[in-house]
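For reference, the structure is listed below as structure tokens.
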Amino acid sequence: MDLPLLFALVATSAVALYVIADGFDLGIGILFLLAPRERDRDVMMQSVAPFWDGNETWLVLGAAGLWAAFPMAYYVLLPAFYLPIMVMLFALILRGISFEFRFQATRFQRVWDFAFAGGSLVAAICQGLILGGFIQGVAVENGHFAGGPFSFVSFLGLLCAAGIIGGYALLGAGWLIWRTDGPTQVFAREVAHSALLLAVAMMAVVSGWTALTEPRVAARWFAWPGNLWFDLFPMAAAGVAVLIWRGLWGRHDSQPFLLAVVLFLLGYAGLIISLWPNVVPYHATIWQAAADEATLEFTLLGVFVVLPVVLAYTAHAYWVFRGKTVLASHGADEGAYGHAGQRPNALGTDLHLC
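Residues 14 to 367 in this note's numbering are what the sequence shown spells out, letter by letter.
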């Protein structure tokens with residue numbers, strides 16, 4: 014068994030699941046202050062309240078897998094991205110705090126609105142800067158990072174940040190179309206057009222910029238006719254974008270979100286094609302950076318235990334809190350939160366049954 018290849022698949026899958034799962038609740042945070050009504054913001058936050066903390070489990074799993082299976086990548090890439098990683102983590106912490114405080118706040122609820130939106134936006138920007146720095150490659154000498162603390166800042170990173178903001182906003186809008194009704198859903202359908210345009214435009218610009226500035230990436234994509242089938246990925250992405258645009262006002266509420274997920278996966282596949290098999294672009298492959306075989310075998314046992322548990326917990330949470338998000342009215346008490354068809358939630362409020 015090729016253990017480095019197996020762990021590369023596990024790590025890339027964990028990252029993909031994190032980007033999709035945490036992407037839509039970060040996207041809702043990005044769209045939060047654009048919502049026209051306070052009630053819309055209540056519905057938006059409640060729609061992701063049962064899921065946001067579980068979504069971030071995939072970030073921990075991906076980071077732990079990278080550390081255990083590819084220690085060279087960990088000690089080279091971590092110093093290169095210390096600042097954006099730390100800022101991202103503090104932004105995610107701020108989002109978590111704002112979730113809990115906003116539900117209870119009365120006088121300062123607007124402060125926590127800004128904290129939730131700001132933390133989401135900052136986290137997305139940091140992820141874009143990290144992605145751009147990763148694609149561009151880091152300075153390595155004698156197997157160690159040789160750049161400065163701000164080496165991660167690049168024009169490509171800014172382009173990636175804009176693309177991630179648009180992509181996350183598209184995922185968030187798709188989630189709201191799927192999981193809400195009424196004015197909140199109408200708001201999501203309207204804002205999804207701009208998010209889709211930004212995401213697709215930045216995907217095209219980042220792809221073009223990378224091909225022009227990184228000869229090794231260009232050689233991978235334009236080595237005709239051997240790699241001609243790679244062109245199917247951008248063609249498929251363009252087709253999916255058209256389907257999203259046409260489906261934003263369609264009858265199938267889940268379609269925009271599911272197609273947005275497909276669009277992200279196609280972009281992620283394009284990234285893997287561009288950089289494969291490098292785990293430290295462009296200095297070490299997955300086999301060069303992998304830990305020794307005994308460590309990989311021991312870590313594999315942990316993966317076999319942890320991964321099914323995480324998958325089962327995630328599937329259970331999404332099943333239990335299925336259905337449309339509603340705000341129930343109980344006499345004079347407005348704002349009891351819940352999901353259609355669910356039992357009382359952790360806040361102790363009765364949930365309205367549709």
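Note that CB positions come from ideal geometry on N, CA and C, so glycine has one too.
Item	Value
Taking the straight line between their C-alpha atoms, what separation do you get for R185 and G40?	Residue 185 is actually Gly in this sequence, not Arg. Computed Cα separation, rounded: 4 Å.
Count the CB pairs spanning the region 208 to 225 and the region 164 to 179 that are closer than 8 Å, and state whether there are at least three.	yes
Where are the alpha helix (DSSP H) runs, 4 residues long or more, that stay fully inside the region 201 to 239, in chain order?	228 to 234
So G78 and F147 are in contact, right, with Cβ under 8 Å, and what is the actual spacing, rounded?	G78 to F147, Cβ: 16 Å. No contact.
Which stretch, first to last residue, makes up the beta strand (DSSP E) that contains N155?	Run containing N155: none; DSSP gives neither H nor E here.
Exposed or buried, which one is F311 when buried takes at least 16 other CB atoms within 10 Å?	exposed
Residues in the same chain with beta-carbon distance under 8 Å from D15, minus the five sequence neighbours each way, listed in chain order, please.	none
May I have a chain-ordered list of the alpha helix (DSSP H) segments no shorter than 4 residues that lie completely inside the region 67 to 98?	70 to 82 and 84 to 93
Can you give the beta carbon distance from L105 to A136, rounded, assuming they're within the 8 Å contact cut?	6 Å
On the three-pair Cβ rule with 8 Å, is the region 191 to 207 touching the region 257 to 264?	yes
Let me know the secondary structure DSSP gives V318 once reduced to three states.	helix
Quick check on DSSP: helix, strand or coil for V292?	strand
Which whole-angstrom value describes the C-beta separation of T281 and A29, a residue pair presumed to lie in contact below a C-beta threshold of 8 Å?	The sequence given here places Tyr at residue 281; Thr does not occur at that position. Yes, they are in contact, since the Cβ atoms of Y281 and A29 sit about 5 Å apart, within 8 Å.
Specify the secondary structure class of A303 as computed by DSSP and reduced to three states.	coil
Go ahead and pull the three-state DSSP assignment for T308.	helix
Which word fits Y87, buried or exposed, when buried means at least 16 other C-beta atoms lie within 10 angstroms of its C-beta?	buried
Can at least three beta-carbon pairs, one atom from the region 269 to 277 and one from the region 188 to 199, be found at a separation below 8 Å?	yes
Can you pull the DSSP bridge partners for A297?	V293
Excluding the 5 residues preceding and the 5 following Q149 in the sequence, name in chain order all residues of the same chain whose CB lies nearer than 6 Å to its CB.	S167 and L169
If distances are taken between C-alpha atoms only, which option among I43, I286 and L279 comes closest to A251?	L279
Is it the case that the Cβ atoms of A330 and G67 are separated by a distance below 7 Å?	yes
Where R233 and E113 are concerned, what is the direct C-alpha to C-alpha distance, given to the nearest angstrom?	47 Å
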